[in-house]
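In order, the protein sequences belong to chains A and B.
With numbering that gives the first Met the number 0, the residue at position 155 of the first sequence is 154, and numbering never jumps.
With numbering that gives the first Met the number 0, the residue at position 206 of the second sequence is 205, and numbering never jumps.
C-beta atoms are modelled at their ideal positions from N, C-alpha and C, and glycine is treated no differently.
Model, not experiment: these values are computed from the prediction.
There are 2 protein chains.
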Amino acid sequence: MLSDPLAATFARFIGAIEAEMRAVVNATAQPARFNTMLNYHLGFADEQGQPTHAPAGKRIRPVLTLLCCEACGGDWRVALPAAAAIELLHNFSLIHDDIEDRDEMRRGRPTVWKLWGEAQAINAGDAMFALAHLALLRCAEAGAASAQVVRMFHVFDETCLQLTVGQHLDLSFESRSDVSADEYLAMIGGKTAALIAAACRIGALCANAAEAHAEALETFGRGLGLAFQLQDDILGIWGDPASTGKHSSDLAHRKKTLPVLFAAERDPAVRDRYFGDPRPLTAEEIELLRTRIEHAGGRSHAEKMAEQAYAQAISALHALPPSNARESLAQLARELLNRSA
Amino acid sequence: MLSDPLAATFARFIGAIEAEMRAVVNATAQPARFNTMLNYHLGFADEQGQPTHAPAGKRIRPVLTLLCCEACGGDWRVALPAAAAIELLHNFSLIHDDIEDRDEMRRGRPTVWKLWGEAQAINAGDAMFALAHLALLRCAEAGAASAQVVRMFHVFDETCLQLTVGQHLDLSFESRSDVSADEYLAMIGGKTAALIAAACRIGALCANAAEAHAEALETFGRGLGLAFQLQDDILGIWGDPASTGKHSSDLAHRKKTLPVLFAAERDPAVRDRYFGDPRPLTAEEIELLRTRIEHAGGRSHAEKMAEQAYAQAISALHALPPSNARESLAQLARELLNRSA
Numbered sequence: 000m001l002s003d004p005l006a007a008t009f010a011r012f013i014g015a016i017e018a019e020m021r022a023v024v025n026a027t028a029q030p031a032r033f034n035t036m037l038n039y040h041l042g043f044a045d046e047q048g049q050p051t052h053a054p055a056g057k058r059i060r061p062v063l064t065l066l067c068c069e070a071c072g073g074d075w076r077v078a079l080p081a082a083a084a085i086e087l088l089h090n091f092s093l094i095h096d097d098i099e100d101r102d103e104m105r106r107g108r109p110t111v112w113k114l115w116g117e118a119q120a121i122n123a124g125d126a127m128f129a130l131a132h133l134a135l136l137r138c139a140e141a142g143a144a145s146a147q148v149v150r151m152f153h154v155f156d157e158t159c160l161q162l163t164v165g166q167h168l169d170l171s172f173e174s175r176s177d178v179s180a181d182e183y184l185a186m187i188g189g190k191t192a193a194l195i196a197a198a199c200r201i202g203a204l205c206a207n208a209a210e211a212h213a214e215a216l217e218t219f220g221r222g223l224g225l226a227f228q229l230q231d232d233i234l235g236i237w238g239d240p241a242s243t244g245k246h247s248s249d250l251a252h253r254k255k256t257l258p259v260l261f262a263a264e265r266d267p268a269v270r271d272r273y274f275g276d277p278r279p280l281t282a283e284e285i286e287l288l289r290t291r292i293e294h295a296g297g298r299s300h301a302e303k304m305a306e307q308a309y310a311q312a313i314s315a316l317h318a319l320p321p322s323n324a325r326e327s328l329a330q331l332a333r334e335l336l337n338r339s340a
Numbered sequence: 000m001l002s003d004p005l006a007a008t009f010a011r012f013i014g015a016i017e018a019e020m021r022a023v024v025n026a027t028a029q030p031a032r033f034n035t036m037l038n039y040h041l042g043f044a045d046e047q048g049q050p051t052h053a054p055a056g057k058r059i060r061p062v063l064t065l066l067c068c069e070a071c072g073g074d075w076r077v078a079l080p081a082a083a084a085i086e087l088l089h090n091f092s093l094i095h096d097d098i099e100d101r102d103e104m105r106r107g108r109p110t111v112w113k114l115w116g117e118a119q120a121i122n123a124g125d126a127m128f129a130l131a132h133l134a135l136l137r138c139a140e141a142g143a144a145s146a147q148v149v150r151m152f153h154v155f156d157e158t159c160l161q162l163t164v165g166q167h168l169d170l171s172f173e174s175r176s177d178v179s180a181d182e183y184l185a186m187i188g189g190k191t192a193a194l195i196a197a198a199c200r201i202g203a204l205c206a207n208a209a210e211a212h213a214e215a216l217e218t219f220g221r222g223l224g225l226a227f228q229l230q231d232d233i234l235g236i237w238g239d240p241a242s243t244g245k246h247s248s249d250l251a252h253r254k255k256t257l258p259v260l261f262a263a264e265r266d267p268a269v270r271d272r273y274f275g276d277p278r279p280l281t282a283e284e285i286e287l288l289r290t291r292i293e294h295a296g297g298r299s300h301a302e303k304m305a306e307q308a309y310a311q312a313i314s315a316l317h318a319l320p321p322s323n324a325r326e327s328l329a330q331l332a333r334e335l336l337n338r339s340a
């Protein structure tokens, strides 16, 4: 739950972001079922293609793009095409991740591949990837200079590549028993933090910001993304299932997250049971592992890393002149990470 | 086999195209296995990542880009990044098509998904998609004005979207028994002709061509693509297996190509046996179907359509001033389609 001021910011932006996304997705005539898959995944349609308003995530990335544009003195409206592009890119990666990870549900609904099969879902993801690029091209129509659009494409496609490198590492980790804590940090840098950093930098580019400001906002986004992922990892082991919405601990799924990897490097018992023994973990063993991971310093290390990433994010904001938007960015970071200050 | 003059043209271009592709693919540090998958699919590496020169297709699309640039008075070297982008985009779609169609072999080697699994292959295709875009951005470094690069991105990403629409239709056809000949033509328009048309238009844009010339070359590419696909369909039923390289007739796989669909609309016996009866077709039945399809006009209709598409392609070239490059384009079309004139 966001505080009232931030909720108001989101309310101000989200209608316009979603209108822009719909405009891109529905700009060309498409076969009905093809169009339905795209709108379904985005939460705009049910599986028959009828309009609906299904849960579609918090749209944090495109809101960051708009706030970063404002924080650099720009009008958030000129950043709408870029914001839509970022959110479409995020959704492309979700469609494919769901296939790759065999996830059957997303946001309480069956995933695209579960409903329409893998082949169609791979292709629908590819379509979303193309649409993300077409969305970014609309910046030119919204008044951005061509040179500025080319700069945005550089950031956008370098980020796409980083996403795939991150996902490659994540998929590789599943079959490996020797993943290091450093490799894990490289993976989430690509898979999670790169896109959030790009959302921020591109927002700055929309405002024709000075490079120092664009870089500061990219650093803010990267720190926020890392801190958010690390917090998610900590909650996945020690969080209250009722409030995280997860049915079971990440430990039961043998997820290789920072606390576990850090502990496995220090406590052979953690390493052997988690990586060396394929039998399913009992509830009792999960409890024992949780304790050992904590004793080996896995929790405090992850907390320290999250703390550092958060501090870097907040500190980067100081490079920008004070503004309501800058304050909203800091506030958003605080609230996403449940910080009191 | 190409004639000597065309073989010389290909020899002149292909080394430079492949050098540009390698430069893009290997521009950033990547995990070894990730980089191997990309280079393996492109024919540059074996599955251990060792350099090799495996069959990698004829590279017709990027050669078209360079010839179209020349035909509009440009230096083919400035079109190299765009040519590499087109070939990388084509290869992205092949990686995903192989997964979607469950094809285990491509150009005599196991497909990426067969070697590294589906999840990694989906992701490698996504990486190739991002790299295709990064390749196109190198046009700016090769001297293209930003406005020109933005125009190329429009063509490029509209084409990506058309590819996915074409593939969606193709996948949908598999489970349908009521595909019309018109729907088939729409499908190959997206799946095959759109990218060849784009390869030609983008070549023209690299030369800063007048819109009339760019449009003429796009029309040339679309006609060539359609004619080529239709000829492939005809050979898939009536061709000599020894020279087509196909192990068995398209009929055995119940492929829905134009000759069959046209005949099925006219001969209920074709329709019922092909679509209504799931039992595998015997060699005798295939022979009988082949004859009935021909009698119902399926072959002559497809030949007529291919003929028309070819004539449109050749006729479009007349909008351009005479040049060696224009003659090479006409010659390439003739030879690809085995025309004597």
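Using only the alpha-carbon positions, how far apart do residue i and residue j sit?
i        : j        : result
A:Phe91  : B:Pro321 : 45 Å
A:Lys113 : A:Arg175 : 27 Å
B:Leu133 : B:Arg253 : 39 Å
A:Glu293 : A:Ser299 : 7 Å
B:Tyr39  : B:Glu17  : 13 Å
A:Arg333 : A:Gly188 : 20 Å
B:Ala10  : B:Arg58  : 11 Å
A:Asp100 : A:Glu117 : 12 Å
A:Thr290 : A:Pro240 : 17 Å
B:Gln307 : B:Ala22  : 40 Å
B:Ala295 : A:Cys205 : 60 Å
Taking C-beta to C-beta, are residue i and residue j nearer than 8 Å?
i        : j        : result
A:Val62  : A:Gly142 : no
A:Ile121 : B:Ile13  : no
A:Ala213 : A:Arg200 : yes
A:Ala196 : A:Gly165 : no
B:Thr27  : A:Leu160 : yes
B:Pro50  : B:Cys138 : no
B:Ile85  : B:Ala198 : yes
B:Ala312 : B:Phe172 : no
B:Ala305 : B:Leu229 : yes
A:Leu135 : A:Phe152 : yes
B:Leu5   : B:Ser327 : yes
A:Pro258 : A:Ile233 : yes
B:Ala55  : B:Leu66  : no
B:Tyr273 : B:Leu288 : yes
A:His167 : B:Phe33  : yes
Would a check of beta-carbon distances place residue i closer than 8 Å to chain A?
i        : result
B:Ile121 : yes
B:Thr163 : yes
B:Asp177 : no
B:Ile85  : no
B:Ile59  : no
B:Glu210 : no
B:Ala129 : yes
B:Asp102 : no
B:Cys159 : yes
B:Leu136 : yes
B:Glu140 : no
B:Glu99  : yes
B:Leu88  : no
B:Ala118 : yes
Contact defined as beta carbons within less than 8 Å: I believe residue i pairs with residue j. What is the distance between those atoms, to the nearest angstrom?
i        : j        : result
B:Gly297 : B:Phe261 : 5 Å
B:Leu336 : B:Ala226 : 6 Å
A:Ile285 : A:Ala251 : 6 Å
A:Asp156 : A:Lys190 : That pair is no contact at about 16 Å.
Within the 8 Å Cβ cut-off, does residue i reach chain B?
i        : result
A:Glu95  : Note that residue 95 of chain A corresponds to His in the displayed sequence, not to Glu. So yes, A:His95 belongs to the interface.
A:Asp156 : yes
A:Ser171 : yes
A:His167 : yes
A:Ile187 : no
A:Asp125 : yes
A:Leu133 : yes
In chain E, which residues lie with their C-beta within 9 Å of the C-beta of residue i?
i        : result
B:His252 : Reference to chain E is not applicable here, since the protein chains of this structure are A and B.
Contact set between the region 18-49 of chain B and chain A, restricted to residues whose Cβ is under 8 Å from the partner: Thr27, Gln29, Pro30, Arg32, Phe33
Got a sec: which bits of the region 143-154 of chain A sit with their beta carbon under 7 Å from any beta carbon on chain B, in order along the chain? Here the close residues are Ser145, Ala146, Val148, Val149, Phe152, His153.
Scan the region 279-300 of chain A for residues whose Cβ lies nearer than 9 Å to a Cβ of chain B and list them as they occur along the chain. Going along the region 279-300 of chain A in chain order, one finds no residue with a Cβ nearer than 9 Å to chain B.
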